[in-house]
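Numbering of the sequence shown is given in the working numbering, commencing with residue 44 and proceeding in unit increments.
Just below is one structure, and these are the notes that go with it.
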Amino acid sequence: MSETTNTNEEKKKPPLNGRRALPSSNSNDEENEVPEMEAFGLVPRGFNPKDYLRVVDIHMFKEPHEINKQEHHTDKYYSPKLIVRRGQPFQIQIDFNRPYKPETDQFWLEYLIGRYPQQNKGTYIPILVGDVLKPGEWGAKITQKENNSIRLSVMSSATCIVGKFRLYVAVWTPFGILRTHRNSATDTYILFNPWCQQDAVYLDDEKEREEYVLNDVGIVFHGNINDIKFRSWSYGQFEENILDACLFLMDKAELELSGRGNPIKICRVASAVINSRDDNGVIAGSWDNTYTYGVAPSAWTGSVDILLEYYSSKQPVRYGQCWVFAGVFNTFLRCLGIPARLITNYSSAHDNNANLVLDFFLDDEGKVDTKLTKDSIWNYHCWNEAWMTRPDLPVGFGGWQVVDGTPQETSDGMYRCGPASVQAIKHGHVCFPFDAPFVYAEVNSDIVYSRREKNGTQVIEKIDTTHVGQLIVTKEVGGDGMVEITEEYKFQEGSQEERLALETAVMYGIKKQTTRDTMYQPQTDVDMDFQAQKAVLGSDFKVTINFRNKSRNYYTATTYLSGNIVFYTGVAKNEFKKHSFSAKLEPYSSSAFDVVIKSSDYLNDLLDQASFHFFVTARINETGKILATQKATVLEIPTLRIKTRGEMIVGKEMSVTVEFTNPLKQTLENVTLRLEGPGVLRTMKNEFRQIPMNSTLTWEVKCIPKRPGLRKLIASLNCDALRHVYGELNVQIQKP
């Protein structure tokens with residue numbers, strides 16, 4: 044046995060490094076040995092530590108109903124330890140073996156974090172007892188003395204490290220320092236404090252703090268610009284072990300402990316560690332519709348399962364797409380106390396070379412050339428905003444910052460994005476860190492359709508300046524509705540200010556291609572547009588193409604419609620519909636043409652989000668000019684129904700039923716159902732072999748609610764033929 048322990052010891056020895064005396068300190072989990080008796084020199088034989096002041100017990104007042112968790116808004120955390128927010132006083136009580144005599148007795152508190160505590164790094168904090176507490180600085184004062192006990196009010200610094208500290212009480216004797224022994228029951232978690240004016244994450248509106256820090260469920264808006272869909276997501280930042288899992292993420296990212304009081308640094312490293320690219324982070328992304336050996340992104344109902352699985356296995360959890368990355372990131376931020384919200388940008392540009400132009404190349408017939416076209420438009424893209432001051436930027440750029448955990452492009456060599464000031468993006472000040480040009484392009488790019496002539500010249504057929512970043516939304520404060528925040532990212536389309544912001548962005552080095560070396564003379568006297576009819580999955584629908592001839596000329600247009608099944612990222616899987624026809628356009632008149640899409644055309648190839656992308660191109664034969672336009676459309680997906688039975692009271696068993704009717708003209712196989720509700724029930728899963736067409740499945744579960752108030756139940760159904768099926772129900776849980 045002794046041999047094995049020996050080799051483990053050797054492994055633990057930190058590697059030597061010629062540049063620093065101590066190894067880097069980047070683990071909240073590791074500890075050092077702290078001596079219980081630290082002698083000043085030789086200790087005389089008659090010395091008995093029991094003759095001096097001795098600590099018998101320490102009371103942390105750490106129960107949810109006690110003063111600390113109530114005043115610090117941490118009573119929802121499902122953790123037996125003390126959790127407080129920085130820059131705000133908390134209470135502890137020390138019982139000694141005899142009454143404390145301030146004239147002769149001297150003791151102090153020591154807070155330590157990590158394996159190499161150092162005072163100048165903020166990882167070793169000795170606190171002497173004083174008469175006054177200075178706001179936002181470490182200190183302690185006695186508020187009550189009774190028999191052998193004293194009550195202390197302890198103030199932490201408003202800029203201190205966020206994490207789990209160990210507490211010791213040290214007593215001075217003439218021969219050495221006596222310390223309490225290591226006791227994990229007195230461990231203290233210190234979090235960011237949006238209620239404290241000196242904290243970098245201070246938010247002055249109580250309703251917003253309740254939403255962006257304390258709300259443990261939220262809404263993800265998805266679908267596309269013409270058909271907005273929404274679903275609930277359980278953040279679960281207060282659930283058991285989630286706080287430890289979030290601290291582990293910072294250890295995994297190797298963020299040095301001394302940097303963990305800075306929300307800018309925490310957001311930057313977290314945006315890299317949320318995805319598994321290049322650092323074995325939390326979630327492995329998959330956009331290819333095959334999710335073997337993992338959970339399909341659409342099946343997750345919240346962040347808790349993902350974070351707990353990662354915390355225990357230390358391996359990336361499969362699989363996620365943008366809303367999963369954003370949902371987990373939001374849990375991480377809110378859990379640590381950084382105000383955060385999830386954002387959806389509709390028609391989001393993924394611009395491969397950040398030149399503010401998405402290039403769509405057409406071939407001779409006016410079809411999109413998929414080999415040449417590298418850029419794509421995501422139907423929607425989710426990211427997060429975190430609230431903080433930016434002392435590293437000029438005044439005025441604090442507030443909401445974009446952070447994005449979805450791996451799209453590298454930044455300083457890693458897949459990460461942000462924090463980028465929303466205010467800076469709006470005004471085109473893209474020179475400020477981090478990654479503002481990429482975010483600016485996501486919401487501001489132009490789409491350019493161009494075609495190469497036989498003689499090699501490139502002809503620009505159309506420039507669409509309004510398609511990208513048409514709508515940016517988030518969940519409203521205190522409700523489930525949607526609020527539009529587009530104007531926080533950009534000025535009114537076509538306004539003076541918008542031009543100025545663009546010129547500023549170009550001045551700061553965003554490449555904006557000029558169209559000098561290409562010919563661009565659009566066909567202005569004919570307008571073309573199209574609409575796809577709203578349709579339920581499994582039914583036929585039609586696409587209507589409208590022409591408006593504003594001239595006195597008589598035109599014929601060779602029209603081509605291409606329907607593609609696409610990932611929500613705008614990347615096509617295959618073309619399922621091709622249809623061409625010749626349209627006769629009378630002078631000064633409008634005409635409409637219908638194309639019918641049958642369910643048999645698309646059902647076999649359908650992907651996760653049931654989204655189609657239609658391109659319509661028309662060549663005006665008389666002038667040779669091309670009209671081009673594109674739109675995404677999403678099918679209506681059936682929903683799950685959730686019902687409850689019995690009284691809903693904390694501590695009493697209740698019953699929840701999930702129902703689903705199969706709408707497809709086929710049997711669904713290997714169907715997985717998930718159900719969760721923070722404070723009501725832990726995630727439950729169930730598998731069903733088959734659901735025949737038109738038949739209804741019913742699943743009943745029993746649970747015992749833990750927390751009173753308005754709670755949300757969220758369910759998802761998943762199988763190869765059908766994904767993104769959700770249901771939810773608000774339930775009011777009564778106090779016992």
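Note that CB positions come from ideal geometry on N, CA and C, so glycine has one too.
Inset, instruction - Kindly confirm or deny that the segment 689-701 and the segment 592-600 touch, where touching means at least three C-beta pairs closer than 8 angstroms. - result: no
Inset, instruction - Keeping to the same chain, check which residues put their C-beta closer than 7 angstroms to that of G689; ignore five residues upstream and five downstream. - result: The residue given as residue 689 occupies position 646 in the sequence shown. M697, S698.
Legend entry - Secondary structure of R559, DSSP reduced to three states: Reading the sequence shown from its first residue, position 516 is the one you call residue 559. Confidence in R559 is poor, its pLDDT being 45 and thus under 50, which makes the residue's placement unreliable; the coordinate value appears in the next sentence. Of the three classes helix, strand and coil, the one that applies to R559 here is coil, per DSSP.
Inset, instruction - Counting only the same chain and skipping the five closest in sequence on each side, list residues whose C-beta sits under 6 angstroms from that of Y769. - result: Position 726 of the sequence shown, counting from 1, holds the residue named residue 769. Same-chain partners within the cutoff: R274, S759.
Legend entry - Proximal residues to S192 (C-beta, below 8 angstroms), its chain only, five neighbours per side dropped: Within the sequence shown, numbered from 1, the residue matching residue 192 stands at position 149. Contacts found: Q136, I137, D138, F139.
Inset, instruction - Using only alpha-carbon positions, find the residue among S738, S196, S488, R725 that is nearest to Q709. - result: Here residue 709 refers to the residue found at position 666 of the sequence shown. If we check each option's Cα against that of Q709, S738 comes out closest.
Inset, instruction - Look at the Cβ atom of V491, then the Cβ atom of V609, and state whether they are nearer than 8 angstroms. - result: Locating residue 491 in the sequence shown gives position 448, where the first residue counts as 1. Locating residue 609 in the sequence shown gives position 566, where the first residue counts as 1. Contact: no.
Legend entry - Nearest candidate by alpha-carbon position, reference F291, set S346, G613, S355: For the purposes of this step, residue 291 is taken as the residue at position 248 of the sequence shown. Closest option to F291, Cα to Cα, is S355.
Inset, instruction - Measure the beta-carbon distance from T599 to N664 and round it to whole angstroms, keeping in mind my assumption that it falls under 8 angstroms. - result: The residue given as residue 599 occupies position 556 in the sequence shown. The residue given as residue 664 occupies position 621 in the sequence shown. Right, the Cβ-Cβ distance comes to about 5 angstroms (below 8 angstroms), so this counts as a contact.
Inset, instruction - Pull up the CB-CB distance for R128 and G461, whole angstroms please, since I reckon it's below 8 angstroms. - result: Here residue 128 refers to the residue found at position 85 of the sequence shown. Here residue 461 refers to the residue found at position 418 of the sequence shown. Actually they are not in contact, since the Cβ atoms of R128 and G461 sit about 24 angstroms apart, beyond 8 angstroms.
Legend entry - Counted within 10 angstroms of its Cβ, other Cβ atoms place K745 as buried (16 or more) or exposed: Your numbering for residue 745 matches position 702 in the sequence shown. K745 is exposed by the Cβ-count criterion.
Legend entry - Outcome for A383 when other beta-carbon atoms lying within 10 angstroms are tallied against a minimum of 16: Within the sequence shown, numbered from 1, the residue matching residue 383 stands at position 340. Buried, because 16 or more other Cβ atoms sit within 10 Å of the Cβ of A383.
Legend entry - Nearest-angstrom Cα separation, counted from T676 out to D270: As a position in the sequence shown, residue 270 is number 227, starting the count at 1. As a position in the sequence shown, residue 676 is number 633, starting the count at 1. Their backbone Cα atoms lie some 7 angstroms apart in a straight line.
Legend entry - Any 3 or more C-beta pairs closer than 8 angstroms across the segment 250-261 and the segment 102-110: no
Inset, instruction - Using 10 angstroms around the beta-carbon of D402, count the other beta-carbons present and answer buried if the total reaches 16, otherwise exposed. - result: Translated into the one-based positions of the sequence shown, residue 402 becomes position 359. By the 10 Å Cβ count, D402 comes out buried.
Inset, instruction - Write down the C-beta distance between G179 and S200 rounded to the nearest angstrom, noting that I regard them as a contact closer than 8 angstroms. - result: As a first step, residue 179 is located in the sequence shown; it is residue number 136 there, counting from the start. As a first step, residue 200 is located in the sequence shown; it is residue number 157 there, counting from the start. With a Cβ gap of about 6 angstroms, G179 and S200 count as contacting.
Inset, instruction - Find the nearest neighbour of M431 within the set F440, Y423, C425, H424, judged by alpha-carbon distance. - result: Counting from 1 along the sequence shown, the entry for residue 431 is found at position 388. For the residues F440, Y423, C425, H424, the minimum Cα distance to M431 belongs to F440.
Inset, instruction - Give a yes or no on contact between the segment 318-336 and the segment 479-487, applying the rule of three or more CB pairs nearer than 8 angstroms. - result: no
Inset, instruction - For I268, collect the residues of the same chain with a Cβ closer than 7 angstroms to its Cβ; drop the 5 residues on either side in sequence, then sort them by chain order. - result: The sequence position of residue 268 within the sequence shown is 225, counting from 1. Correct list, in chain order: Y389, S390, Q513, L514.
Inset, instruction - Pair every Cβ in the segment 571-589 with every Cβ in the segment 629-645, then say whether three or more of these pairs are closer than 8 angstroms. - result: yes
Inset, instruction - State yes or no: is the C-beta of W421 nearer than 7 angstroms to some heavy atom of the ligand ZN? - result: Looking at this structure, you won't find the ligand ZN or any other ligand, since it has none at all.
Legend entry - Short Cβ contact (8 angstroms threshold) for Y154 with I168: For the purposes of this step, residue 154 is identified with residue 111 of the sequence shown, where counting begins at 1. For the purposes of this step, residue 168 is identified with residue 125 of the sequence shown, where counting begins at 1. Contact: yes.
Inset, instruction - Inspect the CB distances between the segment 447-460 and the segment 304-322 and report whether three or more fall short of 8 angstroms. - result: yes
Legend entry - Bounding residues of the beta strand (DSSP E) (the contiguous stretch that carries G461): Along the sequence shown, read from residue 1 onward, the residue named residue 461 stands at position 418. Run containing G461: 460-464, per the beta strand (DSSP E) assignment.
Legend entry - DSSP state of L772 mapped onto helix, strand, coil: Counting from one through the sequence shown, the residue named residue 772 turns up at place 729. Three-state DSSP puts L772 in a strand.
Legend entry - Close beta carbons around E73, own chain, < 7 angstroms, minus the five adjacent residues each side: As a working note, residue 73 is residue 30 in the sequence shown. G157, R158.
Legend entry - D348 burial status per 10 Å Cβ neighbour count (16 or more: buried): Position 305 of the sequence shown holds residue 348. The residue is buried, with at least 16 neighbouring Cβ atoms inside 10 Å.
Legend entry - Cβ-based neighbour list, L405, same chain, cut-off 8 angstroms, excluding 5 preceding and 5 following: Sequence index remark: in the sequence shown, residue 405 carries index 362 (1-based). Excluding sequence neighbours, L405 sits near V411, D412, Y492, S493, R494, E504, T660, I669, A671.
Inset, instruction - Go ahead and pull the three-state DSSP assignment for C203. - result: In the sequence shown, the residue the question calls residue 203 occupies position 160. Here C203 sits in coil by DSSP.
Legend entry - DSSP three-state assignment for M457, whether helix, strand or coil: On the sequence shown, residue 457 is found 414 positions in, with the first residue counted as 1. Three-state DSSP puts M457 in a strand.
Legend entry - Straight-line Cα distance separating P78 from Y278: Here residue 278 refers to the residue found at position 235 when the sequence shown is read from its first residue. Here residue 78 refers to the residue found at position 35 when the sequence shown is read from its first residue. Rounded to the nearest angstrom, the two C-alpha atoms are 41 angstroms apart.
Legend entry - Coarse secondary structure for E730, derived from DSSP in three states: Position 687 of the sequence shown, counted from the first residue, corresponds to residue 730. If DSSP states are grouped into helix, strand and coil, E730 belongs with the strands.
Legend entry - H622 - partner residues in DSSP beta bridges: Here residue 622 refers to the residue found at position 579 when the sequence shown is read from its first residue. L604, per the DSSP bridge assignment.
Legend entry - Alpha-carbon spacing of L724 relative to F281, whole angstroms: The residue labelled residue 724 in the question sits at position 681 within the sequence shown. The residue labelled residue 281 in the question sits at position 238 within the sequence shown. Each residue's alpha carbon lies about 13 angstroms from the other.
Inset, instruction - Please report how far the alpha carbon of G304 lies from the alpha carbon of K207, in whole angstroms. - result: As a working mapping, residue 304 is identified with position 261 in the sequence shown. As a working mapping, residue 207 is identified with position 164 in the sequence shown. One C-alpha to the other measures close to 12 angstroms.
Legend entry - Secondary structure of A578, DSSP reduced to three states: Working through the sequence shown from its first residue, we reach residue 578 at position 535. It is coil, neither helix nor strand.
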